[in-house]
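> Dropping a structure here in structure tokens format, bear with me for questions.
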Amino acid sequence: MTALIEIHNLSFSYTGAAPHDVFSQVSFSVAPGGVFCLLGPNGTGKSTLLKCVSNVLQGWHGAIRLDGRDISRMKPADVAMGIGYVPQNQNSAFPFLVRDIVVMGRAPHLAVFASPSTRDREIARAAMETVGILSLADRPCTTLSGGEWQLALIARALSQEPQVMILDEPTSHLDLGNQVRILRVVKSLAGTGMGIIMATHVPDHAFIVATEVAIMNRGGLSRKGAPETVITESNMRDAYGIDVKVLHVAGGVERKACFPSL
Amino acid sequence: MHAAGRSIGIGIAPGKLMVLLALLLGVIATVALMLGQLQIPPATVIEILASRVLPIERTWEPTLESVLFDVRLPRLLAGVLVGAGLSISGAAFQGLFRNPLVSPHILGVSAGAGLGAALAILFFSSILAIQAFSFIFGLAAVLMTCGLARVYRTTPVLMLVLSGIIVGALFSACTSLLKYIADPLNNMPSIVFWLLGSLNNASNKDMAVVGPVILTGIVILLLIRWRINLLAMGEEDARALGVDTRRLTAIIIVCATLISAASVSISGIIGWIGLVIPHIGRLLVGPDNKYLLPVVVLVGASYLVAVDTIARTAIESEIPIGILTAMVGAPIFAYLLKKSRPGW
Chain V
1 MTALIEIHNL SFSYTGAAPH DVFSQVSFSV APGGVFCLLG PNGTGKSTLL KCVSNVLQGW
61 HGAIRLDGRD ISRMKPADVA MGIGYVPQNQ NSAFPFLVRD IVVMGRAPHL AVFASPSTRD
121 REIARAAMET VGILSLADRP CTTLSGGEWQ LALIARALSQ EPQVMILDEP TSHLDLGNQV
181 RILRVVKSLA GTGMGIIMAT HVPDHAFIVA TEVAIMNRGG LSRKGAPETV ITESNMRDAY
241 GIDVKVLHVA GGVERKACFP SL
Chain A
1001 MHAAGRSIGI GIAPGKLMVL LALLLGVIAT VALMLGQLQI PPATVIEILA SRVLPIERTW
1061 EPTLESVLFD VRLPRLLAGV LVGAGLSISG AAFQGLFRNP LVSPHILGVS AGAGLGAALA
1121 ILFFSSILAI QAFSFIFGLA AVLMTCGLAR VYRTTPVLML VLSGIIVGAL FSACTSLLKY
1181 IADPLNNMPS IVFWLLGSLN NASNKDMAVV GPVILTGIVI LLLIRWRINL LAMGEEDARA
1241 LGVDTRRLTA IIIVCATLIS AASVSISGII GWIGLVIPHI GRLLVGPDNK YLLPVVVLVG
1301 ASYLVAVDTI ARTAIESEIP IGILTAMVGA PIFAYLLKKS RPGW
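Next comes the structure, spelled out in structure tokens:
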């Protein structure tokens, strides 16, 4: 299958020049329906990588191709029609209503002087329905819980009608129920043919949703491949510096999971 | 509370609210034209205005006509444009800087204009010089702020605010120095009065120059108003949504700066309006800039015209409007805050 998004030899430093001290020579690709999970210790540049791929950060070197087109030659709005980005930060200085936030995802489709039409509001409504937050539509965002915020931001990215969605640790700070709810949404979006790139701190989540996993460490992707081949006891020790047992869980689960030991 | 429709604000549909606010502005404007040393009855006000376009027999004294067209109308127009302009600049800046405590003066425009006016009062003392100097110095201060923010290169929006504080402090200190060395009988009171603001000097000629500048800024901000929502969510979010954030930020700063520099040049420094009218607007329609900006234009215009009418009619001599905007506005704002619970 041809790749939806292709990242080739991507390097980045905040100074914009070599040495590329944040990460260098990162390559991977995601096919339609693929879920690419990025693991790795804190501070290894996972968020920075995701921001580069979403065109939030500029000044990277290498190539990012969306559907074969080089995104550095595309207008920001055209990139945003193809790539939706769900940030980790959830705050707003103003109590925007959830539906007003979700409809912001229509921005790349709108002319500079335009504001959302009835059709845009319908698309936003459908996005809220897809992620199951229609009941929150009229809530000010300042009253949302962490899980509700995350779902609202996913709905906003969905309103962009992108081919690829990028999520930066979408399950962090959420309770178990909300974590699973988010993973369910991720999986169902992939089921519609969307390509997903997400960072996570929970290897078990990669076992649940990922089609491919990479470990980001020491300025690059140190391991990359199918979840079973990447999330191994030795790779986990290497990445996180702790002892982890990776065991197959039977009894109706039939999936591998990580069990750290103290 | 969260029933159908817009559940924040006071619960009146934005379209209906704007019609009501426009009517309110019309009533306030008519009252402003009536009141003064010469009282003109409302019917006569409308007759005199209509006589310029309709064939109406002149039954009123000619002085009334000149009072209306040469004194009250330009002053009304100045009140409308300055009130609307400062309010919409404040609302746009609060969105841009993601901070509801920001006013249009945050980038140093009023501090710069103050110094320009003080210099002009000391060395030229003509009204034209004061207006030109305050406008140019206001723009210069904002340019310095933007230049300084570029030097630091990191998190641009925060650096803009900090640079604005630095530049503002520098210009204010220079103004204080000029006040200190100015002749305490003539020049110093002029500087102090100018800094307190007044629409007294607004003439038809001024409005012909300044009016289009303010109006253009207002129209452009209104055109891009929905996009200000995107910036208000944060620069990174806006960029992920395909917004050219640098260009949008530049457009907002240029518009707001031209509006406030032009306003300050004819009215002196009128504080409080640009900070508080946006809050009153949010209490009325919520934070969505699509509705907030037009509402703020109407409320700001009504408010400044009303306060200016009080300033020139309440007592024998004129009260500086900068004092009144806060004295009248603070209790209103306190009351509104208590009445409706904003979501922040």
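These protein sequence lines are chains V and A, in that order.
Heads up: the first sequence begins at 1 in this note's numbering, then just goes up one per residue.
Heads up: the second sequence begins at 1001 in this note's numbering, then just goes up one per residue.
The C-beta atom is built at its ideal place from N, Cα and C for all residues, glycine as well.
#1: Tell me whether Val1053/A is buried or exposed, calling it buried when 16 or more other Cβ atoms sit within 10 Å of its Cβ.
#2: Drop a sphere of 10 angstroms on the beta-carbon of Val1307/A, count the other beta-carbons inside from all chains shown, and report buried for 16 or more, exposed for fewer.
#3: Between Ile166/V, His173/V, Ser159/V and Ile197/V, which lies nearest to Ala210/V when the distance is taken from Cα to Cα?
#4: Run through chain A and tell me which residues come within less than 7 Å of Lys46/V, C-beta to C-beta.
#5: Can you tell me whether DSSP reads Val213/V as helix, strand or coil?
#6: Considering only the alpha carbon of each residue, which of Arg237/V, Ala17/V and Glu228/V lies closest to Asn217/V?
#7: Let me confirm a value: Leu176/V is counted as buried when at least 16 other C-beta atoms fall within 10 Å, else exposed. Which label applies?
#8: Answer yes or no: does any C-beta atom of chain V fall closer than 9 Å to that of Gly1095/A?
#9: For Phe12/V, which residues does DSSP report across the bridge?
#10: What is the DSSP secondary structure of Arg1058/A, counted as helix, strand or coil?
#11: So, helix, strand or coil for Lys75/V, using DSSP?
#12: Can you tell me whether DSSP reads Ser1126/A as helix, strand or coil?
#13: Bridge partners for Phe28/V per DSSP, in chain order?
#14: If you reduce the DSSP assignment to three classes, tell me which class Ala17/V lands in.
#15: Please name the residues in the stretch 1270-1282 of chain A whose beta-carbon is closer than 7 Å to at least one beta-carbon of chain V, in chain order.
#16: Please state whether DSSP places Gly84/V in a helix, a strand or coil.
#17: Would you mind sorting Glu254/V into buried or exposed? The rule is 16 or more other CB atoms within 10 Å of its CB.
#18: Do the stretch 71-87 of chain V and the stretch 223-239 of chain V touch if we need at least three Cβ pairs shorter than 8 Å?
#19: Identify whether His61/V lies in helix, strand or coil by the three-state DSSP scheme.
#20: Quick check for students: name the residue ranges of the alpha helix (DSSP H) that lie wholly in the stretch 84-137 of chain V, counting only runs of 4 or more.
#21: Enumerate in chain order the residues of its own chain whose CB-to-CB distance from His1002/A is below 6 Å, with the five nearest sequence positions on each side excluded.
#22: What does the Cβ neighbour count give for Tyr1291/A, buried or exposed, with the cut at 16 atoms within 10 Å?
#23: So, are the CB atoms of Ala199/V and Cys37/V less than 9 Å apart?
#24: Cα separation between Leu1139/A and Ser1260/A?
#25: Could you work out which residue in Glu129/V, His173/V and His8/V is closest to Gln150/V when comparing CA atoms only?
#26: By how many angstroms is the C-alpha of Gly225/V removed from the C-alpha of Pro203/V?
#27: Just checking: is the beta-carbon of Asp100/V within a distance shorter than 9 Å of some beta-carbon in chain A?
#28: Return the CA-CA distance between Gly220/V and Gly1009/A, expressed in angstroms with no decimal places.
#29: Using a Cβ-Cβ cut-off of 9 Å, state whether Arg1052/A counts as contacting chain V.
#30: Verify the CB distance criterion: does Tyr240/V have a CB-CB separation below 9 Å to chain A?
#31: Return the chain-ordered list of same chain residues with a C-beta closer than 6 Å to the C-beta of Ser222/V, the five sequence neighbours on each side being excluded.
#32: Going by C-alpha distance, which of Thr192/V, His205/V, Phe259/V and Glu161/V is nearest Gln179/V?
#33: Please list the residues of the stretch 46-66 of chain V that have a C-beta atom closer than 9 Å to any C-beta atom in chain A, keeping them in chain order.
#34: Using a Cβ-Cβ cut-off of 7 Å (strictly less than) and excluding sequence neighbours within five positions of Pro1156/A, which residues of its own chain qualify?
#35: Give me the DSSP bridge partner(s) of Pro260/V.
#36: Please go through the same chain and pick out, in chain order, the residues whose beta-carbon is closer than 6 Å to the beta-carbon of Trp1344/A, but skip the five residues on each side of it.
Taking the structure as given:
#1: exposed
#2: buried
#3: Ile197/V
#4: Near Lys46/V there are no residues of chain A at all, since even the closest Cβ is about 15 Å away, more than 7 Å.
#5: strand
#6: Arg237/V
#7: exposed
#8: yes
#9: Phe23/V
#10: coil
#11: coil
#12: coil
#13: Ile7/V
#14: coil
#15: none
#16: strand
#17: exposed
#18: no
#19: strand
#20: 98-102 and 118-131
#21: With a pLDDT of 38 at His1002/A, under the threshold of 50, the modelled position of this residue cannot be trusted, and the question is left open.
#22: buried
#23: yes
#24: 9 Å
#25: His173/V
#26: 14 Å
#27: yes
#28: 49 Å
#29: no
#30: no
#31: Ile215
#32: His205/V
#33: Lys51, Ser54, Asn55, Val56, Leu57 and Gln58
#34: Ala1149
#35: Val244/V
#36: Note that Trp1344/A scores 48 on pLDDT, short of 50, meaning its location in the model is unreliable and no value can be drawn from it.
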